[in-house]
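Heads up, the thing below is written out as C-alpha cells.
Residue numbers (my numbering): 3 to 181.
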C-alpha cells in the first residue's frame with residue numbers, strides 16, 4: 003500500500019521546510035513548496051498534511067512570521083504550479099462523475115471520528131485515552147509558553163485530520179492510520 007511512501011514523503015517535505023525556515027533559502031522554500039504540492043499525486047488525503055509539513059518551516063524560522071512569509075513566497079508559487087493540474091482534475095472528476103459528493107464519514111467502530119482518532123493514538127482503552135489527552139494538553143500548553151509556533155504546528159498535525167474527517171463527507175471510513 004502507499005502509506006509508507008506517503009509518510010516518507012511527508013517527513014521529507016517537513017525536513018526540507020525546516021531547512022528552508024532555518025536557512026531562509028529561496029531554493030529550499032521552492033523545493034518544499036513543489037514537493038508539498040506533489041504529495042497530492044501520492045495519496046488523496048495529502049492536502050491534510052501539506053499545511054502542517056510546510057508550517058514546520060515557519061515554526062523553525064527565527065525571524066518574525068511576516069519575514070518568513072516573504073521568504074516562503076517562491077515556495078508557495080512553486081506549490082501552486084505543481085498543484086494546479088490536480089485541482090483541475092478534481093474539478094473535472096466532480097463535474098463528470100460526482101466525485102466528492104457523499105454523506106458524512108463514519109468509523110468502523112461506530113464512534114465519532116475524534117474519539118476514534120484519539121483512541122488510536124493511545125493505549126489501554128479509556129484510561130489510556132484520558133491520560134494521553136491530559137498529557138498532550140499539558141505538553142502543548144508548556145510548549146506554547148516556550149515556542150508557540152512549534153506548539154501550533156504540532157497541534158495541527160493531530161487536529162487538522164480529525165477536523166477534516168469530522169466535517170467533510172466521504173465514501174470511506176475513517177481509520178486511525180490516517181493520523
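C-beta atoms are modelled at their ideal positions from N, C-alpha and C, and glycine is treated no differently.
| Item | Value |
| --- | --- |
| First and last residue of the uninterrupted alpha helix (DSSP H) at residue 67 | 67-99 |
| 6 Å CB neighbourhood of residue 32 in its chain, flanking five on each side removed | 76, 77, 80 |
| Simplified DSSP assignment, three categories, for residue 125 | coil |
| 7 Å CB neighbourhood of residue 2 in its chain, flanking five on each side removed | No answer is possible for residue 2: the residues shown for the chain start at 3 and end at 181. |
| Contacting residues, own chain, Cβ-Cβ under 6 Å from residue 158 (five flanking each side not counted) | 54 |
| Minimum C-alpha distance to residue 13 - residue among 47, 58, 42, 24 | 58 |
| Cutoff 7 Å; reference residue 62; Cβ partners in own chain excluding five residues on either side | 20, 23, 24 |
| Residue of 155, 136, 69 minimising C-alpha distance to residue 27 | 69 |
| C-alpha distance - residue 38 paired with residue 142, whole-angstrom precision | 25 Å |
| Segment limits, alpha helix (DSSP H) that includes residue 28 | 28-40 |
| Integer Cβ distance of residue 153 from residue 146, believed to fall under 8 Å | 4 Å |
| Buried or exposed (CB count within 10 angstroms, at least 16 for buried), residue 18 | buried |
| Residue 67 versus residue 120: straight-line alpha-carbon distance, rounded | 31 Å |
| Residue 16 burial status per 10 Å Cβ neighbour count (16 or more: buried) | buried |
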